[in-house]
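Each remark here refers to the structure printed beneath this line.
There are 2 protein chains.
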Amino acid sequence: MDVCLGLLGCGTVGSGVIELTRRRREKIFELTGLRPKITKVLVRNLQKPRQVALADERLTADPEDILGDADIRVVIETIGGIEPARTLILRALAAGKHVVTANKDLIAAHGPEILEAAERHGVDVWYEAAVGGAIPLIRPLKECLTANEITDIKGIINGTTNYILSKMTATGAGFAEALAEAQALGYAEADPSSDVDGLDAARKLAILASIAFHAKVRLEDIRVTGIRHITAADVAYADELGMVIKLLAVGADRDGLLSLRVGPALVPKDHPLAHVNGSYNALLMRGDAAGDLMFFGRGAGSMPTASAVVGDVIEVLRNLKLGVTGQAALLCRPDKRVLPDGFDPVRYYMRLSVDDRPGVLARIAAAFGDAEVSMESVLQKRAYEGRAEIVILTHEVPYGQVERVAAALRSLAAVHEVHCVMPVEPAADGGVT
Amino acid sequence: MDVCLGLLGCGTVGSGVIELTRRRREKIFELTGLRPKITKVLVRNLQKPRQVALADERLTADPEDILGDADIRVVIETIGGIEPARTLILRALAAGKHVVTANKDLIAAHGPEILEAAERHGVDVWYEAAVGGAIPLIRPLKECLTANEITDIKGIINGTTNYILSKMTATGAGFAEALAEAQALGYAEADPSSDVDGLDAARKLAILASIAFHAKVRLEDIRVTGIRHITAADVAYADELGMVIKLLAVGADRDGLLSLRVGPALVPKDHPLAHVNGSYNALLMRGDAAGDLMFFGRGAGSMPTASAVVGDVIEVLRNLKLGVTGQAALLCRPDKRVLPDGFDPVRYYMRLSVDDRPGVLARIAAAFGDAEVSMESVLQKRAYEGRAEIVILTHEVPYGQVERVAAALRSLAAVHEVHCVMPVEPAADGGVT
Numbered sequence: 001m002d003v004c005l006g007l008l009g010c011g012t013v014g015s016g017v018i019e020l021t022r023r024r025r026e027k028i029f030e031l032t033g034l035r036p037k038i039t040k041v042l043v044r045n046l047q048k049p050r051q052v053a054l055a056d057e058r059l060t061a062d063p064e065d066i067l068g069d070a071d072i073r074v075v076i077e078t079i080g081g082i083e084p085a086r087t088l089i090l091r092a093l094a095a096g097k098h099v100v101t102a103n104k105d106l107i108a109a110h111g112p113e114i115l116e117a118a119e120r121h122g123v124d125v126w127y128e129a130a131v132g133g134a135i136p137l138i139r140p141l142k143e144c145l146t147a148n149e150i151t152d153i154k155g156i157i158n159g160t161t162n163y164i165l166s167k168m169t170a171t172g173a174g175f176a177e178a179l180a181e182a183q184a185l186g187y188a189e190a191d192p193s194s195d196v197d198g199l200d201a202a203r204k205l206a207i208l209a210s211i212a213f214h215a216k217v218r219l220e221d222i223r224v225t226g227i228r229h230i231t232a233a234d235v236a237y238a239d240e241l242g243m244v245i246k247l248l249a250v251g252a253d254r255d256g257l258l259s260l261r262v263g264p265a266l267v268p269k270d271h272p273l274a275h276v277n278g279s280y281n282a283l284l285m286r287g288d289a290a291g292d293l294m295f296f297g298r299g300a301g302s303m304p305t306a307s308a309v310v311g312d313v314i315e316v317l318r319n320l321k322l323g324v325t326g327q328a329a330l331l332c333r334p335d336k337r338v339l340p341d342g343f344d345p346v347r348y349y350m351r352l353s354v355d356d357r358p359g360v361l362a363r364i365a366a367a368f369g370d371a372e373v374s375m376e377s378v379l380q381k382r383a384y385e386g387r388a389e390i391v392i393l394t395h396e397v398p399y400g401q402v403e404r405v406a407a408a409l410r411s412l413a414a415v416h417e418v419h420c421v422m423p424v425e426p427a428a429d430g431g432v433t
Numbered sequence: 001m002d003v004c005l006g007l008l009g010c011g012t013v014g015s016g017v018i019e020l021t022r023r024r025r026e027k028i029f030e031l032t033g034l035r036p037k038i039t040k041v042l043v044r045n046l047q048k049p050r051q052v053a054l055a056d057e058r059l060t061a062d063p064e065d066i067l068g069d070a071d072i073r074v075v076i077e078t079i080g081g082i083e084p085a086r087t088l089i090l091r092a093l094a095a096g097k098h099v100v101t102a103n104k105d106l107i108a109a110h111g112p113e114i115l116e117a118a119e120r121h122g123v124d125v126w127y128e129a130a131v132g133g134a135i136p137l138i139r140p141l142k143e144c145l146t147a148n149e150i151t152d153i154k155g156i157i158n159g160t161t162n163y164i165l166s167k168m169t170a171t172g173a174g175f176a177e178a179l180a181e182a183q184a185l186g187y188a189e190a191d192p193s194s195d196v197d198g199l200d201a202a203r204k205l206a207i208l209a210s211i212a213f214h215a216k217v218r219l220e221d222i223r224v225t226g227i228r229h230i231t232a233a234d235v236a237y238a239d240e241l242g243m244v245i246k247l248l249a250v251g252a253d254r255d256g257l258l259s260l261r262v263g264p265a266l267v268p269k270d271h272p273l274a275h276v277n278g279s280y281n282a283l284l285m286r287g288d289a290a291g292d293l294m295f296f297g298r299g300a301g302s303m304p305t306a307s308a309v310v311g312d313v314i315e316v317l318r319n320l321k322l323g324v325t326g327q328a329a330l331l332c333r334p335d336k337r338v339l340p341d342g343f344d345p346v347r348y349y350m351r352l353s354v355d356d357r358p359g360v361l362a363r364i365a366a367a368f369g370d371a372e373v374s375m376e377s378v379l380q381k382r383a384y385e386g387r388a389e390i391v392i393l394t395h396e397v398p399y400g401q402v403e404r405v406a407a408a409l410r411s412l413a414a415v416h417e418v419h420c421v422m423p424v425e426p427a428a429d430g431g432v433t
């Protein structure tokens, strides 16, 4: 039996979904007893050339052709962004259609609204493709790992910044140069802000942390730092210290108190996340029963994203056949609180430029002493034109104290700039060396 | 509402299941609307001291107390081995009870019989814990990744051999010494054959390959080599070549022709599997849409295994509440064939001991030439008492040809022994370096 699907959007992801749905039509029939058929595709411009040859699929510029078509049981949204995606999805749900979406912006900002609408109308919303591309993350967290309390999630979930930082590490390029190359290759957008300023990773972290920690995590709960200020010098110092710089998304749940951050961090070279390069994504999770887990794979791209979208469509079809909604309830514990500075103590990396004259290091050391932050190592480097560059690695210290010492340093006359303050990831546990 | 569960076996895994079910009782109620309660536990010896304090759970030595108890809706099997587990599970299914099992031996040998019995009686069998301990592997393959044709699975799925090989690599110990230490620490059994001869990994590969490739893979379809013959010398040569030795389980599907092997292999140090040490497991998968994925985590242990078992129990409870059976149908394509020697061409490592006199290397090279196998590198080493050790790395070559050259070498008078022939893993793709 055929099931009609409507597709919203026909860009990179939408084209992959059309292609993969065709390729797997008979397999999906074997698995579910239903044969998916994308009958209508909403586009803005009917004349624009398409990346995929359209056969059964009829293009339309009128959402009503899909939302008002009673034969269409499932709507797949690949437009991205908040509007018109939000309104279209809410209308599809109200019309009793199941929804599969790859839209991280929307789920991060309006997830609760969308999920409540789905529940009210007795249909499902699936969004595996919103985080981690092809990597199954959301369903394992929501289904396979439910016997755990998840205490930590930590990962590389933005391909653009990972490409840029991998490039800087491999070639010694600066940020601007690596960004320009990423843009030329299509890995970064013309306006790269949402990626390089950490917002995209923060949206994905909000989605993952909400599921993992049974909380309603909002974007503003997350402390976000981007990578624009990372220089070739930071990458080189990290290398000297046996580390690489990665943009990490980190969430922790300590007995109901959450801390959430996105930002560049130093990762020891023997840590599993140090080896996740280019457009790959990876997520480490720690469960109280399972221990440490890592999932790794392609975080973006037409077919990897389609793999997740069509996987969700298959789940919808299974449930249609069984006559149930399959959405596993998301637990939400209202008593979970976000501590803005509640990060576990770790070591921090700092790079300063200072006057190159006697006594400066003593004043810096005094500022650390006053803030009760002890230094593990100090590198003094590259004196030029009366300036020296100082790279400090602290001992383990709570986040608030590092902020205090950075403020104190900024107030010293001999300190010209505190360029960069980054946490240092602890070494991975014994199993991974 | 309470749901009664019966537990078969109360060893390491069973104790973990009791502990974790208790710890998560209220969370499971929030998730499913049902409160799990293990009411009866089958043990052989009622008097034996237990690793867990028993409260609600009543011990019994009579299986009928569980199988004949109409209140018990779900049976959890943690006895292991074929009998009596097989008979007890078949009787539980016939009595209309859902079954969750961690039993890889049973599923590998009798999976089809058990799954058919479950289908006939309208109940489910779940067995996530049978492979990879805490790592969700079976459900992601059966559910999340179904939009893919999986072409490759490759991993480290036996903790005992991984512990032994990690130890040999870290300390230079020989096999016997590392095994003795694994036994002393409880990582290896008194009779370690099933682990060190590769059978345990082969059983798990049979389970994974059956799911991934939609085939009925039997143990005898897999070419199995253990690690008893790996010496400290092999580990040291591998290190010189920039590699580590790992016991890999490898399956490939090339347009319906399957090749399946378990055995030690040389893995480049920058390959993600090279960093999976100790009791950790990892599985790489390649899907035609998703590309490369890796899942990593604890492969054994009381709580990690319980994490998978109780995760399955939660799924059963969700389905009980919905009034459906949730077992996603396993596709099985009867036209898939196993090619015993159908492995993709790779490089091979060989270690020989030979007479230490002029002309020997020429004869060896001639044997390679006759078999049309070209050598990438030759190390001649450690001459003593008229013997030399030769380590050869071949270029990429199909498996059959390597076997032919090894047979030809064994027939040479100057060759005393061909100690070890191991495939060399290709470098990982660009994303992971």
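The listed protein sequences correspond, in order, to chains U and R. At position 246 of the first sequence the residue is numbered 246 (the UniProt record's numbering), and the sequence of numbers has no breaks. At position 226 of the second sequence the residue is numbered 226 (the UniProt record's numbering), and the sequence of numbers has no breaks. The beta carbon of each residue, even a glycine, is placed where N, CA and C say it ideally should be. In this text, all values refer to a predicted model and were calculated from it rather than measured experimentally.
Anything in chain C within Cβ reach of residue 234/U, meaning under 7 Å, just list it in chain order.
-> The structure shown contains no chain C; the protein chains it does contain are U and R.
Return the residues of the region 138-160 of chain U that lie within a Cβ-Cβ distance of less than 7 Å from chain R, sorted by chain order.
-> Under the 7 Å Cβ criterion, the region 138-160 of chain U contributes 139, 140, 143, 144, 145, 146, 147 and 148.
By the criterion of Cβ-Cβ separation under 7 Å, what are the contact partners of residue 15/R in chain U?
-> As a position in the second sequence, residue 15/R is number 15, starting the count at 1. Neighbours of residue 15/R in chain U, taken as residues at a C-beta separation under 7 Å, are lacking, since the least C-beta distance is about 13 Å.
Applying the criterion that 16 or more other CB atoms from any shown protein chain within 10 Å of the CB defines a buried residue, is residue 269/R buried or exposed?
-> As a first step, residue 269/R must be located in the second sequence, where it is residue number 269. By the Cβ-count criterion, residue 269/R is exposed, with fewer than 16 other Cβ atoms from all chains shown falling within 10 Å of its own Cβ.
Specify, as a first and last residue, the run of the beta strand (DSSP E) that residue 319/U falls within.
-> Here residue 319/U refers to the residue found at position 319 of the first sequence. No beta strand (DSSP E) contains residue 319/U, which is instead part of the alpha helix (DSSP H) from 302-322.
Listed by chain order, chain U residues near residue 243/R by CB distance under 9 Å | In the second sequence, residue 243/R corresponds to position 243, counting from 1. Under the 9 Å cutoff, chain U gives no residues; its nearest Cβ is about 15 Å from residue 243/R.
Taking Cβ positions, are residue 249/R and residue 179/R nearer each other than 8 Å?
-> Against the second sequence, residue 249/R aligns to sequence position 249. Against the second sequence, residue 179/R aligns to sequence position 179. No. Outside cutoff.
Chain R beta carbons: is any one of them nearer than 8 Å to that of residue 289/U?
-> To locate residue 289/U, count along the first sequence from 1; it is residue 289. Chain R contact via Cβ: present.
Rounded C-alpha distance that separates residue 377/R from residue 276/R = Mapped onto the second sequence, residue 377/R falls at position 377. Mapped onto the second sequence, residue 276/R falls at position 276. Taking the straight line from one Cα to the other gives about 27 Å.
Give me the Cβ distance between residue 309/R and residue 76/R, rounded to the nearest whole Å; I'm assuming they're in contact under 8 Å.
-> Reading the second sequence from its first residue, position 309 is the one you call residue 309/R. Reading the second sequence from its first residue, position 76 is the one you call residue 76/R. Approximately 6 Å separates the beta-carbon atoms of residue 309/R and residue 76/R; this is inside 8 Å, confirming the contact.
Beta-carbon spacing of residue 130/R, residue 207/R below 8 Å = Here residue 130/R is taken as the residue at index 130 of the second sequence, counted from 1. Here residue 207/R is taken as the residue at index 207 of the second sequence, counted from 1. With a cutoff of 8 Å on beta-carbon distance, residue 130/R and residue 207/R are scored as near each other.
Alpha carbon of residue 4/U to alpha carbon of residue 144/R, nearest angstrom | Position 4 of the first sequence, counted from the first residue, corresponds to residue 4/U. Position 144 of the second sequence, counted from the first residue, corresponds to residue 144/R. Approximately 21 Å between the Cα atoms of the pair.
Supposed contact pair residue 160/R and residue 188/R - C-beta distance, whole angstroms, cut 8 Å = Stepping through the second sequence from its first residue, residue 188/R is reached at position 188. Stepping through the second sequence from its first residue, residue 160/R is reached at position 160. Indeed, because the Cβ distance is near 5 Å, the residues count as touching under 8 Å.
Mapping DSSP to helix, strand and coil, what is residue 151/R?
-> Here residue 151/R refers to the residue found at position 151 when the second sequence is read from its first residue. In this structure, residue 151/R counts as strand in the three-state DSSP scheme.
Taking just the CA atoms, how far does residue 288/R sit from residue 148/R?
-> Along the second sequence, one-based indexing puts residue 148/R at 148. Along the second sequence, one-based indexing puts residue 288/R at 288. Straight-line Cα distance between these residues: approximately 6 Å.
Mind checking residue 312/R: buried by the 16 CB within 10 Å criterion, or exposed?
-> Within the second sequence, the letter at position 312 stands for residue 312/R. Counting Cβ neighbours within 10 Å, residue 312/R comes out buried, since at least 16 surround it.
Nearest-angstrom Cα distance between residue 371/U and residue 352/U?
-> Working through the first sequence from its first residue, we reach residue 371/U at position 371. Working through the first sequence from its first residue, we reach residue 352/U at position 352. One C-alpha to the other measures close to 17 Å.
Using a threshold of 8 Å, state whether the C-beta atoms of residue 90/R and residue 42/R are closer than that.
-> As a first step, residue 90/R is located in the second sequence; it is residue number 90 there, counting from the start. As a first step, residue 42/R is located in the second sequence; it is residue number 42 there, counting from the start. In this structure, residue 42/R does not lie closer than 8 Å to residue 90/R by Cβ.
Residue 307/U versus residue 316/U: straight-line alpha-carbon distance, rounded = The residue given as residue 307/U occupies position 307 in the first sequence. The residue given as residue 316/U occupies position 316 in the first sequence. In a straight line, the C-alpha of residue 307/U is about 14 Å away from that of residue 316/U.
Have a look at 112/R, 96/R, 146/R and 363/R and flag the residue whose alpha-carbon is nearest the alpha-carbon of residue 441/R.
-> Absent from the structure is residue 441/R, since the part of chain R shown begins at 1 and ends at 433.
Quick one: what's got a C-beta closer than 7 Å to residue 340/R's C-beta in the same chain, skipping five residues either side?
-> Here residue 340/R is taken as the residue at index 340 of the second sequence, counted from 1. Annotation for residue 340/R: 223 place their beta carbon closer than 7 Å to its own, counting only its chain and skipping 5 residues before and after.
Measure the Cβ-Cβ separation of residue 108/U and residue 219/U and say whether it is below 8 Å.
-> The residue given as residue 108/U occupies position 108 in the first sequence. The residue given as residue 219/U occupies position 219 in the first sequence. Contact: yes.
Any beta-carbon of chain U closer than 8 Å to the one on residue 418/R?
-> Here residue 418/R is taken as the residue at index 418 of the second sequence, counted from 1. For residue 418/R, the closest Cβ of chain U is not nearer than 8 Å.
Closer than 7 Å, Cβ to Cβ, to anything on chain U: give me those residues from the region 295-310 of chain R, in chain order.
-> In summary, the residues of the region 295-310 of chain R whose CB is separated from some CB of chain U by less than 7 Å are 295, 296, 297, 298, 303, 304, 306, 307 and 310, in the order they occur in the chain.
Thinking C-alpha only, which one of 141/U, 195/U and 349/U is nearest residue 163/U?
-> Translated into the one-based positions of the first sequence, residue 163/U becomes position 163. Comparing Cα positions, the closest option is 195/U.
Residue range of the beta strand (DSSP E) that includes residue 210/R | If you number the second sequence from 1, residue 210/R lands on position 210. Membership of residue 210/R in any beta strand (DSSP E) is not indicated; the residue belongs instead to the alpha helix (DSSP H) covering 199-213.
Find the nearest neighbour of residue 186/U within the set 278/U, 239/U, 271/U and 265/U, judged by alpha-carbon distance.
-> Indexing the first sequence from 1 puts residue 186/U at position 186. Taking each of 278/U, 239/U, 271/U and 265/U in turn and checking the Cα distance to residue 186/U, the smallest one comes out for 278/U.
Measure the alpha-carbon distance for residue 133/R versus residue 355/U and round it to whole angstroms.
-> Position 133 of the second sequence holds residue 133/R. Position 355 of the first sequence holds residue 355/U. Their backbone Cα atoms lie some 56 Å apart in a straight line.
Distance between residue 409/U and residue 337/U (C-alpha atoms, nearest Å) | Translated into positions along the first sequence, residue 337/U becomes position 337. Translated into positions along the first sequence, residue 409/U becomes position 409. Annotation: residue 337/U to residue 409/U spans about 32 Å, alpha carbon to alpha carbon.
Where residue 318/R and residue 174/R are concerned, what is the direct C-alpha to C-alpha distance, given to the nearest angstrom?
-> For the purposes of this step, residue 318/R is taken as residue 318 along the second sequence, with counting starting at 1. For the purposes of this step, residue 174/R is taken as residue 174 along the second sequence, with counting starting at 1. Residue 174/R has its alpha-carbon roughly 49 Å from the corresponding atom of residue 318/R.
Excluding five sequence neighbours on each side, which residues of the same chain lie with their C-beta closer than 7 Å to the C-beta of residue 399/U?
-> As a first step, residue 399/U must be located in the first sequence, where it is residue number 399. Cβ-Cβ distances below 7 Å link residue 399/U to 341 and 343 in the same chain, with the five nearest sequence neighbours on each side left out; the list follows chain order.
Going by CA-CA distance only, name the one from 397/U, 101/U and 381/U that's closest to residue 390/U.
-> For the purposes of this step, residue 390/U is taken as residue 390 along the first sequence, with counting starting at 1. Closest option to residue 390/U, judged by alpha-carbon separation, among 397/U, 101/U and 381/U: 381/U.
Going by the CB atoms, is the gap between residue 158/U and residue 247/U shorter than 8 Å?
-> By 1-based counting over the first sequence, the position of residue 247/U is 247. By 1-based counting over the first sequence, the position of residue 158/U is 158. Yes, they are a contact pair.
With a cut-off of 8 Å, does the C-beta of residue 197/R fall near any C-beta of chain U?
-> For the purposes of this step, residue 197/R is taken as residue 197 along the second sequence, with counting starting at 1. At a cut-off of 8 Å between beta carbons, residue 197/R makes no contact with chain U.
Are the region 417-425 of chain U and the region 21-36 of chain R in contact at 8 Å, needing three or more beta carbon pairs?
-> No, the region 417-425 of chain U does not touch the region 21-36 of chain R.
Look up residue 77/U in the DSSP assignment and give the residues it is bridged to.
-> Taking the first sequence and counting its residues from 1, one reaches residue 77/U at position 77. In the DSSP secondary-structure assignment, residue 77/U is bridged to 8/U and 101/U.
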